[in-house]
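So the structure is just underneath, and the comments pick up after that.
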Amino acid sequence: MMSDTSGFPLSEFLDMAVVDEGGGRATARLDAGPVHHNPHGFVHGAVLFAMADTSMGAAVMGVLGPGQRCSTIELQLRFLRPAVTGLLTAETAVVKPGRKVIHLESRIADDEGRLIATATSSFAVVDEPPESIDAAAR
């Protein structure tokens with residue numbers, strides 16, 4: 002089941018489209034430009050981190066059960082080459098969907114298919130969110 006998960010503030014701020022492709026797979030796409038650059042003219046590492054983390058969250062949501070939520074435990078990002086402009090795509094897949102921890106991999110490439118960064122991550126499965134989270138969401 003494919004669903005668009007782009008409608009949250011960070012993805013809107015970055016102009017990033019995130020699609021849950023179902024089955025523990027998701028994609029994030031972003032047309033990189035000057036608004037995404039660091040002071041050296043390259044896409045800022047935090048933008049690539051956001052692409053990986055957000056697509057990973059979408060992939061996890063595709064394998065969660067009813068009433069479950071997720072939260073990033075850790076994420077390791079390896080920068081392989083700089084990106085400047087053009088379409089960047091993060092393709093993410095669940096590697097192991099555990100009951101309490103879900104492990105993922107992501108690959109970020111440019112519009113010519115060159116690998117820009119790779120990431121691995123672990124997400125916690127949260128069955129019932131703490132009261133403070135529910136209260137803050139209201």
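Heads up, the sequence shown is in our numbering, so the first residue is 2 and it goes up one at a time.
Just so it is clear, CB atoms sit at the ideal spot from N, CA and C, and this is done for glycine as well.
Checklist entry - For E75, which residues does DSSP report across the bridge? => result Under the DSSP definition of a beta bridge, E75 partners with S123.
Next on the checklist: Can you confirm whether the stretch 31–38 touches the stretch 58–75 when touching is taken to mean that 3 or more C-beta pairs between the two stretches lie within less than 8 Å?
Outcome noted: Judged by Cβ distances under 8 Å, the stretch 58–75 makes no contact with the stretch 31–38, as fewer than three pairs qualify.
Checklist entry - At what residues does the beta strand (DSSP E) containing L106 begin and finish? => result Reading off the sequence shown, one finds Glu at residue 106, where the question assumed Leu. Where E106 is concerned, the enclosing beta strand (DSSP E) stretches over V102 to A110.
Checklist entry - Leaving out the 5 sequence neighbours to the left and right, which residues in its chain are closer than 8 Å to L78 when beta-carbon positions are compared? => result Only residues of its own chain outside the window of five on either side were considered, and among them G46, L49, F50, A53, A118, T119 and A120 have a CB closer than 8 Å to the CB of L78, listed in chain order.
Checklist entry - When DSSP labels each residue in this structure, what does P98 get in the three-state scheme? => result In the structure shown, P98 sits in a strand (DSSP, three-state: E or B).
Checklist entry - Quick one: what's V116 bridged to in DSSP? => result Correcting the residue type first, residue 116 is Leu in the shown sequence and not Val. DSSP, once it has assigned bridges, lists A110 as partnering L116.
Checklist entry - Is L89 buried or exposed, if buried means 16 or more other CB atoms sit within 10 Å of its CB? => result It counts as buried.
Checklist entry - When you compare each of V126, V96, R108 and V102 to A29 by their alpha carbons, which one comes out closest? => result For A29, the closest of V126, V96, R108 and V102 by C-alpha to C-alpha distance is R108.
Item to check | Short Cβ contact (9 Å threshold) for V1 with R26 | outcome: An answer regarding residue 1 cannot be provided, because it is not within the stretch 2 to 139 covered by the chain.
Checklist entry - Across which residues does DSSP place E92 in a beta bridge pair? => result For E92, which the question treats as bridged, DSSP gives the partners T28 and R108.
Next on the checklist: Could you tell me the alpha carbon to alpha carbon distance between A60 and T93, rounded to whole angstroms?
Outcome noted: A60 and T93: Cα-Cα distance of roughly 7 Å.
Checklist entry - Out of G24, E22, L15 and F124, which has the shortest C-alpha to C-alpha gap to E75? => result Check the Cα spacing between E75 and each of G24, E22, L15 and F124: the tightest is with F124.
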